[in-house]
Amino acid sequence: MNKPLLLAVINSLYFQSQIEGIAQAKNIDFYFATQGEQLSQLAKTLSPSIMVVDLSGLDAEWIFKHISDINHMRPDLPIVGFVSHVQQTVRERAEKHGCKFVFTKSELVKQLPETIEKVLRKTI
Numbered sequence: 012m013n014k015p016l017l018l019a020v021i022n023s024l025y026f027q028s029q030i031e032g033i034a035q036a037k038n039i040d041f042y043f044a045t046q047g048e049q050l051s052q053l054a055k056t057l058s059p060s061i062m063v064v065d066l067s068g069l070d071a072e073w074i075f076k077h078i079s080d081i082n083h084m085r086p087d088l089p090i091v092g093f094v095s096h097v098q099q100t101v102r103e104r105a106e107k108h109g110c111k112f113v114f115t116k117s118e119l120v121k122q123l124p125e126t127i128e129k130v131l132r133k134t135i
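Structure (structure tokens):
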């Protein structure tokens with residue numbers, strides 16, 4: 012059986028290292044994509060178990076397009092977005108385009124391990 016995989020688009024080195032640490036602690040592989048087309052292609056070819064997207068510093072239009080495309084292609088794929096606490100409209104758009112979870116940056120590190128655990132147990 013293949014190891015579960017976390018696919019992420021994160022510009023911040025701090026959050027990349029946090030995600031990497033969480034993935035290693037949960038014994039899952041991880042891969043960081045750098046652009047939307049790559050993200051969509053990797054979502055097809057790698058069959059990730061979960062996807063994490065930093066919505067706070069990216070060009071919202073391209074990322075929402077790719078989230079929506081991936082959600083249509085893989086409706087079972089849990090997509091986790093995270094935003095700064097002041098980005099309420101980004102949060103709402105992310106949910107509309109297919110993010111199953113949207114956390115603030117401060118919530119992400121606390122909530123992601125439990126969310127991954129639920130995904131691996133297939134309880135979400």
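As numbered in this note's numbering, residues 12 to 135 make up the sequence shown, in order.
Yeah, the Cβ is synthetic: ideal placement off N, Cα and C, and Gly gets one too.
These numbers were taken from a predicted model, which means no experiment stands behind them.
If you keep only unbroken beta strand (DSSP E) runs of at least 3 residues inside the stretch 36-73, you get 40-43, 61-65.
Around the beta carbon of Asp87, a 10 Å sphere encloses fewer than 16 other beta carbons of the protein chains shown; the residue is thus reported as exposed. With contacts defined as CB atoms closer than 8 angstroms, Val94 and Phe112 fail to qualify as a contacting pair.
Judged by DSSP secondary structure, Val20 falls within the beta strand (DSSP E) whose first and last residues are 16-20.
The three-state secondary structure of Val97, taken from DSSP, is coil.
Contact between the stretch 30-38 and the stretch 116-124 is present: three or more C-beta pairs spanning the two stretches fall below 8 angstroms. The three-state reading of DSSP puts Gly92 in strand, counting E and B together. In this structure, the beta-carbon distance from Ser67 to Gln29 does not fall below 8 angstroms.
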